[in-house]
Amino acid sequence: MGPVIKLFDCNDHADDNDDDKLPVGPKDKCFCIRRVTRIILMCVAFVLTIYVCVLSSERYFQYWVQTTIDRTDVHVSEIAFPAITICPTHMTPSTHTNAREQRLMLLYNLMQSIHWRTPMGHSTQLNISEFEEFNNHSLLYLDSIFDFGYTCKDLFLECTWRRQEVDCCSLLFRRLKVGSCYVFNSLLVEDADPTWPWSVADSGLKSALSIKVNRFINGIRLAALGVIVQEPGQYVGSSVTYSTDDRIVVGLQPRHFTAEPAVRARPVNKRYCYFIDELKQSYSECIVRCHMTYISRKCNCTHKLFPINVDQTHEEPLRQCTTADLLCMQKNGVSLFYMSNIIEESKNSVFNTTRCKCYPICDHTQYHAATFTDRLSSSDSRGNQFEIDVYFQEETLFSYRSTLHITMLDLMGPYVSQSKFDRRAEHTQGIKMKYLVAICMLIGLVSAEYVIKNKEDMLSYREACVKELKIPNELVEQYQKWVYPNDAQTQCYLKCVFTKFGLFDNQSGYNVENIHTQLSRGHANHDDVLHGQIEACLDKNEQGSNACEWAYRGADCLLKNHLKLVQQSLAPKS
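Every number in the working numbering is 1220 more than the matching position in the sequence shown, counting from 1.
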């Protein structure tokens, strides 16, 4: 017979007498195999956990920002009311005019159609020869020609702010240098009210800004009107309405956006916003530059709609666009009043887009507008005027917050969604997701393994629970003698200790397998008699007791029937 292999670490039933050593039994061999397998799994899980950490740090610091609803009850009074710009966009003579005045009005309408990209701008064919006398005039200085002799008081008939009638010109509107536009609540006009931007505390029709605009001014009829909704600190608008109807109603649905400082870790082109200290130009300045640069590239001239310096990409400064360039601008122009990041190009049945790559500040408000128009009866005296009503549709709005956030599920899921941005990596990302699923399973397997506790652990738990529950010394002295009276403090003390041991949970109660493993010091066979005896001591709280009483019942039964095993399980291994 060959020599017997001595497995001191595996066979805990052996004593110190070498002569009494017995051959290793099947159960001990299985236990050793399980222990070795467990160690291997823990090592693999450790290595793969490091791999997951590397992946997560890469996503966390470079690729992923989550925008979630921060609040749903932000009152509209907490944000500024938007700036509102009113622009006459199309005029027709209401009385007899001479040929020069008609040509001036046609030129004015064409200029406005180019600025606004109105249907007239698309359908009207421009005859440059009609305006030869203005060919040397820069488009920026043509406004002085379009002085039709009306003032702010001629244009605005009546204004109501927050349901109170106010003076339109002295309190609300300021003249823009661009065209014939008037603006309210903007921070960018030269003579802005120092108390702007104002806010409102109500919602619904007529609750904010209501105005009436005269259609007939000094022999001129306003055929169309433009209404721009914009942030008070921006030049151009997030909503542009062009209408020939008598009534224009603009219902606003604002949304406020913020971002946590940690979002800086993501590149600007992936978080889509700037922090204040990163900002070199405003969102509207970037948009206007983009649109102006686009026109400069198409027409080989520069046109300044706002007091913004347009970057010149040519070696020599470009000339100012004149009336002679209107035909080119008509074909290639964009809406200069609209804050769009995308420029649509459609020429000779070829449709392209140009992306401006402009981003707002991270703390900003977007004003989404739901607009409808209506034509009043011709017999109604109100047919001689425009009626404009701008208001918040609801008293509250949603506030969104961008954060860096990561979970194990996020590590798996977004690898699939990333394929939308890079289809070529779809197969590789699918493999990564499978690896991550396997990692989660391995980590779960290892984390589910119960760790045997010893006397030092018990003393540490006792000290923590005594301090946490403020147990008096006389009760502690009894606990040291393994005596546990049936009172409220002792009940909660036992619940605290067994919870720290990992043997009890407030929701599911006692874990029979973990208790058996602890009492058997890791050699539990869950099919043996002891397992059944432990299970008989523990209930599922059919009585509906509180957690302390539930824990005490089980602990009292275990200590009365298996106190010796409990004490032995806490002793150090020899």
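The beta-carbon is built from N, C-alpha and C at its ideal position, and this holds for glycine as well.
Quantities reported herein were computed from a predicted structural model and do not represent experimental measurements.
So which of the options has the shortest CA-CA distance to residue i?
i: residue 1720; options: 1745, 1708, 1746, 1686; result: 1686
i: residue 1476; options: 1432, 1517, 1619, 1335; result: 1619
i: residue 1453; options: 1422, 1780, 1418, 1470; result: 1418
i: residue 1443; options: 1266, 1328, 1733, 1788; result: 1328
i: residue 1545; options: 1380, 1565, 1517, 1561; result: 1517
i: residue 1312; options: 1491, 1676, 1445, 1678; result: 1445
i: residue 1681; options: 1716, 1712, 1707; result: 1716
i: residue 1429; options: 1382, 1423, 1395, 1416; result: 1382
i: residue 1330; options: 1319, 1351, 1464; result: 1351
i: residue 1576; options: 1586, 1563, 1587, 1584; result: 1563
i: residue 1789; options: 1766, 1738, 1776, 1767; result: 1738
i: residue 1560; options: 1768, 1550, 1508; result: 1508
i: residue 1590; options: 1497, 1472, 1550; result: 1472
i: residue 1465; options: 1303, 1701, 1608, 1393; result: 1608
i: residue 1777; options: 1702, 1746, 1744; result: 1702
i: residue 1394; options: 1469, 1303, 1320, 1441; result: 1303
i: residue 1322; options: 1386, 1441, 1384, 1301; result: 1441
i: residue 1414; options: 1385, 1498, 1391, 1422; result: 1391
i: residue 1506; options: 1353, 1593, 1455; result: 1455
i: residue 1593; options: 1469, 1613, 1746, 1757; result: 1469
i: residue 1463; options: 1377, 1519, 1595; result: 1595
i: residue 1491; options: 1732, 1712, 1621; result: 1621
i: residue 1335; options: 1497, 1422, 1549, 1588; result: 1549
i: residue 1587; options: 1572, 1613, 1565, 1571; result: 1613
i: residue 1375; options: 1403, 1266, 1422; result: 1403
i: residue 1727; options: 1551, 1387, 1762; result: 1762
Going along the chain, which residues of its own chain have a beta-carbon closer than 6 Å to the beta-carbon of residue i, five neighbours each way excluded?
i: residue 1582; result: 1479, 1493, 1495
i: residue 1724; result: 1718, 1730, 1771
i: residue 1332; result: 1309
i: residue 1651; result: For residue 1651, the predicted model reports a pLDDT of 44, less than 50, meaning its position is unreliable; a value from the coordinates is still stated below. Answer for residue 1651: no residue qualifies.
i: residue 1389; result: 1372, 1373
i: residue 1486; result: 1285
i: residue 1786; result: none
i: residue 1645; result: Legend: pLDDT at residue 1645 = 37, less than 50; position of this residue unreliable, no value from coordinates given.
i: residue 1735; result: 1723, 1754
Does the Cβ of residue i have 16 or more other Cβ atoms within 10 Å, making it buried, or fewer, making it exposed?
i: residue 1289; result: exposed
i: residue 1271; result: exposed
i: residue 1784; result: exposed
i: residue 1764; result: exposed
i: residue 1752; result: exposed
i: residue 1774; result: buried
i: residue 1379; result: buried
i: residue 1474; result: buried
i: residue 1324; result: buried
i: residue 1297; result: exposed
i: residue 1293; result: exposed
i: residue 1667; result: Confidence at residue 1667 is low in this model, with a pLDDT of 45, below 50, so its placement is unreliable and no value can be given for it.
i: residue 1457; result: buried
i: residue 1679; result: exposed
i: residue 1337; result: buried
i: residue 1254; result: exposed
i: residue 1756; result: exposed
i: residue 1425; result: exposed
i: residue 1257; result: exposed
Residue i and residue j look like a contact to me (Cβ under 8 Å); what is the Cβ gap, rounded to whole Å?
i: residue 1780; j: residue 1729; result: Between residue 1729 and residue 1780 the Cβ distance is about 18 Å, and since that is not below 8 Å, they are no contact.
i: residue 1574; j: residue 1355; result: Actually they do not touch by this definition, with Cβ atoms about 29 Å apart.
i: residue 1623; j: residue 1483; result: 7 Å
i: residue 1611; j: residue 1427; result: 5 Å
i: residue 1503; j: residue 1579; result: 7 Å
i: residue 1791; j: residue 1675; result: 7 Å
i: residue 1432; j: residue 1606; result: 7 Å
i: residue 1732; j: residue 1758; result: 6 Å
Within a Cβ cutoff of 8 Å, which residues of the same chain sit near residue i, ignoring the five residues on either side of it in sequence?
i: residue 1604; result: 1434, 1435, 1436
i: residue 1705; result: 1695, 1698
i: residue 1708; result: 1768
i: residue 1416; result: 1405, 1406, 1407, 1452
i: residue 1299; result: 1419, 1474, 1476, 1585, 1617
Can you list, in chain order, the residues of its chain with a C-beta nearer than 7 Å to that of residue i? Leave out the 5 residues immediately preceding and following it.
i: residue 1539; result: 1521
i: residue 1401; result: 1305, 1306, 1307
i: residue 1692; result: none
i: residue 1782; result: 1739
i: residue 1519; result: 1541, 1545, 1548, 1549, 1552
May I ask you to check if the CB of residue i is nearer than 7 Å to at least one heavy atom of the ligand MG?
i: residue 1424; result: Judged by which ligands are present, the structure shown has none, so any question about the ligand MG falls away.
Report the start-end ranges of each beta strand (DSSP E) in the segment 1433-1497 that is 3 residues or longer and not cut off at the edges.
1440-1450, 1459-1463, 1467-1479
Return the chain-ordered ranges of every alpha helix (DSSP H) run that is complete within the segment 1670-1746 and spans a minimum of 4 residues.
The segment 1670-1746 contains, as complete alpha helix (DSSP H) runs of 4+ residues, the segments 1675-1689, 1693-1700, 1708-1721, 1732-1739 (chain order).
In chain order, what are the residue ranges of uninterrupted alpha helix (DSSP H) at least 4 long that sit wholly in the segment 1291-1341?
1319-1336
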